[in-house]
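Worksheet: one structure, shown below.
Numbering (the working numbering), first residue to last: 1 to 253.
Right under this line is the structure:
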């Protein structure tokens, strides 16, 4: 598989028509707690999905199962045609609530570590790629600083750049703004909007309903481990079908 997207040949018709992510009958338990219940979800290539719902509804677990950070107990997950754990992780970028940057490494070193270790890139090539994505998230001037010298919003943008340095086909966001002060949320959301506008396949767990309205192709509503509703933003916000969806939207409005 060619991991450099810029140099990749055009996908064949089968690859282009296959979903980027397919979940079929997925179940996940934590001891007696049934965290995911018979999840069926197909995400098209280039599609932008926002996953929302009350706390404890299974949103983060679903995202983590896609990237195989959590093991499912039954069902099937296929990501970019792959089920192999290592290949799946190479094709997906993950951005967490906490930034998870290495504090003893500079921003540039944080961004080049995985491409050098996993992709086998030479240092110069990895640094060139890192600077490209630091420019893309609008913080190239921070490259030689350490995470503690940055604001929380800047650290989260570094985390996004670090994920992009692996040239992923799919980006997964697990409540990327929940740990940020309100004034820093916009700068991270703006970065995510830019990615969405460039056609990146994205699944984002978030409570930022303005982001869902403006960016999502479809909104997925979860409650108690189940997907209760999937709809385009206009329908989801304007005419929700499920009682639990209406209650949720009423609570956050």
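Every residue gets a Cβ at the ideal spot worked out from N, C-alpha and C, and that includes glycine.
None of the values given here were measured: they were computed from a predicted structure.
Between residue 66 and residue 21 a beta carbon distance of about 6 Å is seen, short of the 8 Å cut, so the two are scored as contacting. In the structure shown, residue 229 falls within a strand segment according to DSSP collapsed to helix, strand and coil. The segment 162 to 173 makes contact with the segment 85 to 100; the number of CB pairs closer than 8 Å reaches 3 or more.
With a beta-carbon spacing of about 7 Å, residue 49 and residue 217 fall inside the 8 Å limit used to define contacts.
Note that the C-beta distance between residue 36 and residue 62 is below 9 Å. Listed in chain order, the non-local C-beta contacts of residue 82 below 7 Å within the same chain comprise 88, 91, local neighbours out to five positions each way being set aside. If you look at residue 111, you'll find it in the alpha helix (DSSP H) that goes 107 to 114. Per DSSP, residue 174 lies in no alpha helix (DSSP H) segment; the continuous beta strand (DSSP E) that holds it begins and ends at 170 to 174. When Cβ pairs closer than 8 Å are counted between the two stretches, the segment 199 to 211 is seen not to touch the segment 135 to 152, the count staying below three. Collapsing the DSSP output to three states places residue 208 in coil. For residue 219, the uninterrupted beta strand (DSSP E) segment begins and ends at 218 to 223. In this structure, DSSP gives residue 70 a state outside helix and strand, which the three-state scheme calls coil.
Contact fails between the segment 120 to 139 and the segment 53 to 62, because fewer than three Cβ pairs, one in each stretch, are under 8 Å apart. Your pair residue 192 and residue 221 does not check out as a contact, with CB atoms roughly 20 Å apart and the cut at 8 Å. Per DSSP, residue 48 lies in no alpha helix (DSSP H) segment; the continuous beta strand (DSSP E) that holds it begins and ends at 48 to 52.
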